[in-house]
Amino acid sequence: MSQRKSILMVVTSHDAIDRKHPTGLWFEEFSVPYTLFRNQGYAITVASPKGGDAPIDPRSLEEYEATVANEAARTALKGTRRLDSSLQTADFDALFFCGGHGTMFDLPDNADVQRWVAEFVRADKVLASVCHGPACLVGASLRDGTPVVKGRRVTSFTDQEERAVALDRHMPFLLESRLRELGAEFVPAANWQDNVVVDGNLITGQNPQSSASAARAVIWLLSA
């Protein structure tokens, strides 16, 4: 019998862009992958930069349905582990960063995020992120200082999508532009289209619509 796979899902702790714009995790980008991973029987740990209850962007709950799966996902977002040295990269087979605009503020410069990403890349373990989740990649480097995304095929929430939701001026940077600046080969699709890019064990999804496909790519790689 194969050993049960273990996955660490990381969500944002950041709950506001400014006084007029509450933010946090985009719920679909956690709930859909979480449900798919549970259905695979994975051992799932949920963590965030600060630990505790994860903030959910209220806009992402506007069409919320109180299904069994969604309620289980919301419960899992309460009392998240803190992403620090109490968690060990060796204990997980895959690392999945969920999106939401909050990630743009608390993932890029977080030393623990940078360490986890770099260690997973060096070990060639499955590393996935969706929508704004690839903000986890922009601050991480290899031992020689090379950005982990240099020369890698990736996608994320695009600059065009950011402008479409009128939040481009409120972001500390535009994610697509930053990934390109770091030397990534950025692979966009049209706005709101399901788009997942797989480069070895590095998986990135463009937007909320890509949540299921990104999770299925993780499942596919873990079963290979």
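Position 84, counted from 1, in the sequence shown is what our numbering calls 151; the numbers after and before it change by one each time, with no gaps.
Quick reminder that beta carbons are idealized off the backbone N, C-alpha and C, glycines included.
Bear in mind that the values here come from a model prediction, so they are computed numbers and not experimental data.
Near residue i, what residues of its chain come up, given a Cβ to Cβ distance below 7 Å and the 5 sequence neighbours on each side ignored?
| i | result |
| --- | --- |
| LEU288 | VAL193, ASN268 |
| PHE159 | SER73, ILE74, LEU75 |
| GLN227 | ASN258 |
| ALA256 | ASN262, GLN273 |
| ALA185 | ALA207, SER208, LEU209, VAL215 |
| GLU229 | ASP235, MET238, LEU241 |
| LYS177 | Residue identity differs from the one stated: residue 177 is Asn in this sequence, not Lys. Around ASN177: PRO116. |
| ALA140 | PHE97, SER98, TYR101, THR102 |
| HIS88 | HIS237 |
On the premise that residue j lies in contact with residue i, defined as a C-beta separation below 8 Å, what is that separation, rounded to the nearest angstrom?
| i | j | result |
| --- | --- | --- |
| ASP235 | LEU242 | No, ASP235 and LEU242 are not in contact; Cβ-Cβ is about 10 Å, not under 8 Å. |
| PHE187 | LEU162 | 5 Å |
| GLU252 | GLY218 | 7 Å |
| ASP266 | VAL221 | 7 Å |
| GLY200 | ASP82 | Their Cβ separation, rounded to whole angstroms, is 17 Å, which puts GLY200 and ASP82 out of contact at 8 Å. |
Considering only residues of the same chain and omitting the five flanking positions on each side of residue i, which have a CB-CB separation below 8 Å?
| i | result |
| --- | --- |
| MET68 | Confidence at MET68 is low in this model, with a pLDDT of 45, below 50, so the placement of that residue should be treated as unreliable; the coordinate-derived value is given next. For MET68, where only same-chain residues beyond five positions count, there are no Cβ hits under 8 Å. |
Between the options, which has its C-alpha nearest residue i's C-alpha?
| i | options | result |
| --- | --- | --- |
| ALA114 | SER98, ARG149, ASP124 | ARG149 |
| MET238 | ASP85, THR79, SER80 | ASP85 |
| VAL232 | ARG126, VAL215, SER196, ALA291 | ARG126 |
| GLN70 | VAL78, ALA110, LYS217 | ALA110 |
| VAL135 | ASP124, ASN106, ILE123 | ASN106 |
| LEU103 | LYS117, PRO89, ASN137 | ASN137 |
| GLU96 | THR213, SER80, ILE123, PRO116 | ILE123 |
| VAL78 | ALA284, GLU129, MET171, THR213 | MET171 |
| GLY166 | ASP211, VAL99, ASP176, VAL197 | VAL197 |
| ASP191 | PHE164, ASP211, THR156, GLY212 | THR156 |
| TYR131 | ALA281, ALA284, ARG283, VAL99 | VAL99 |
| THR147 | ARG283, ARG245, SER80, ARG182 | SER80 |
| THR112 | PRO275, TRP93, PHE164 | PHE164 |
Within its chain, find whatever has a CB closer than 6 Å to the CB of residue i; leave out the 5 residues flanking it on each side and keep chain order.
| i | result |
| --- | --- |
| LYS145 | ASP120 |
| ALA291 | none |
| THR225 | GLU243, PRO255 |
| LEU174 | VAL180, ALA202, CYS203 |
| ASP151 | ASP179 |
Residue i lies in the alpha helix (DSSP H); which residues open and close that run?
| i | result |
| --- | --- |
| THR147 | Where THR147 is concerned, there is no enclosing alpha helix (DSSP H), given that its DSSP letter is neither H nor E. |
| SER244 | 242 to 248 |
| ILE286 | 278 to 289 |
Just curious, the beta strand (DSSP E) that residue i is in, first and last residue?
| i | result |
| --- | --- |
| LEU128 | Segment: none, LEU128 is in no beta strand (DSSP E) and carries neither H nor E. |
| MET76 | 73 to 77 |
| LEU269 | 269 to 272 |
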